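Peer 1: Residues 0 to 205 (numbering that gives the first Met the number 0) are what the sequence shown spells out, left to right. Just so you know, even glycine gets a beta-carbon here, dropped at the ideal spot from N, CA and C. Note that the structure is a prediction, hence the values are computed from the model and not measured.
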Amino acid sequence: MVHPYAVAGFLVALLPLIATPGASLALLVRQVTEGGRGRAVPVILGTATGLYVHAALAMAGLSALVMHSSQAFTAVRLAGAAYLVGLGIWTWRSATSPAPSRRHRRLPELSGSAYLQALLANVLNPKAASIYLTLMPQFITPGESLVGQILTLATAHALLIALWLLGWTILVGRAAHALRGARFKNIGARVTAVVLIALGVRSATA
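1) Does the beta-carbon of Arg92 have 16 or more other beta-carbons within 10 angstroms, so that it is buried, or is it exposed?
2) Counting only runs that start and end within the segment 17 to 89, where is the alpha helix (DSSP H) found for 4 or more residues in a row?
3) What is the DSSP secondary structure of Asn124, counted as helix, strand or coil?
4) Can you say whether Val146 is buried or exposed, counting buried as having 16 or more other CB atoms within 10 angstroms of its CB?
5) Note down the Cα distance separating Gly199 from Tyr82, rounded to an integer number of angstroms.
6) In chain order, what residues of the same chain lie with their CB nearer than 8 Å to the CB of Arg38, ignoring the 5 residues before and after it?
7) Grab me the residues of Leu159's own chain with a C-beta within less than 7 Å of its C-beta, minus the 5 sequence neighbours each way, in chain order.
So this is what it looks like as structure tokens:
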């Protein structure tokens, strides 16, 4: 069982990392500006699922293998960078494409699942994996159940990032309501695309 003080310390240490804009926030902004606050739910769920994937990999020792092998770490980093750049290009093209007819309006939604996008963006982020291999061990008590402690801390992490994204959902939702229109949605999509591509390039060159 993780001591409450350890959970609190873990969350405080996470705050600067969560507050740094990343792919999850960029995806959330696009979804909310295009479809309203309800579209934030799959982004938040996908991000939280990604955290549990990292927790499971840490428990299995696979994350440790990636973090201690320069080749494996580089491969994961480049895969994540390529995904973000590709997602950014797709987002930009979807913003500049003409509006689809009613008959084909569902196709982009099916091909670009917000949940899957958020999940992959998190899973392919080696920095997220490093949290569970470098930061989390500082708050684990030796001799106690490792699985239980990791799951508890991962749940606390997921709840904190969910609250952070929900706060942004409210802000972006209000802005989208005040500036409703296709032009605002296109601008939001293009900004999201630029952020995703910049994050991908930064990850590839880090």
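Peer 2: To lay it out plainly:
1) The count along the sequence shown starts at 1 and reaches residue 92 at position 93. Exposed, since its Cβ has fewer than 16 Cβ neighbours within 10 Å.
2) 22 to 34, 39 to 59, 61 to 67
3) On the sequence shown, position 125 is the one that residue 124 refers to. Coil.
4) Counting from one through the sequence shown, the residue named residue 146 turns up at place 147. Val146 should be labelled exposed.
5) For this step, residue 199 is matched to residue 200 along the sequence shown. For this step, residue 82 is matched to residue 83 along the sequence shown. Distance between the alpha carbons of Gly199 and Tyr82 is about 7 Å.
6) Position 39 of the sequence shown, counted from the first residue, corresponds to residue 38. Cβ neighbours of Arg38 beyond the five flanking positions: Gln30, Val31, Ala113.
7) One-based indexing of the sequence shown puts residue 159 at position 160. These residues qualify, in order along the chain: Leu10, Leu13, Ile17.
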